[in-house]
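To convert a position in the sequence shown, counted from 1, into this note's numbering, add 3.
We treat Cβ as the ideally placed atom computed from N, Cα and C, and that holds for glycine.
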Amino acid sequence: MKLTFWNARKALLRAAPELGEGFTKMCEKYRPEPPGQYLIFEDLLHPYLAGLFESEDKPDVLKRIFELFEEMARSRDGLVTDLLGVAELEWLFANPSLLSKAWNYMGEATKSMAKEMASQSGGRRRLPPQ
């Protein structure tokens, strides 16, 4: 399945089926419409990622999530790259300790996107030491 903005939530749940229960609860909360992509990638994924980085006991799950991020970074669909940049990379820039941990899981396209965002920020966004 080709990754698009409209199926990004399915791709996330495929990459991290562990989010399924939280997604179901979120759907019940926002019924009758399912929650939007940004809501899922921010309100559902952020606390989950933060917990994974803190516990450091599920590197395989982090690897799967960052493989999805890499696919998003390589997408030609501007809505997909915007979702990654706004929902995930901006959040990581706002949390330098998480960005430092995330850097180890990022693929080349994701790192390149983060570097570009940092260079365009006028010093507001900082990359981890390399």
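- Between M75 and L86, the C-beta spacing is below 8 Å.
- Ranking E119, T113, Q123, S100 by CA distance to the CA of P131 puts S100 first.
- Sequence-distant partners of Q40 (beyond 5 residues in either direction) whose C-beta falls short of 7 Å from its own C-beta, in its chain, are F8, A11, R12, L86.
- Collapsing the DSSP output to three states places E36 in coil.
- Nearest neighbour of P20 by Cα position, chosen from L92, R67, L6, E59, turns out to be R67.
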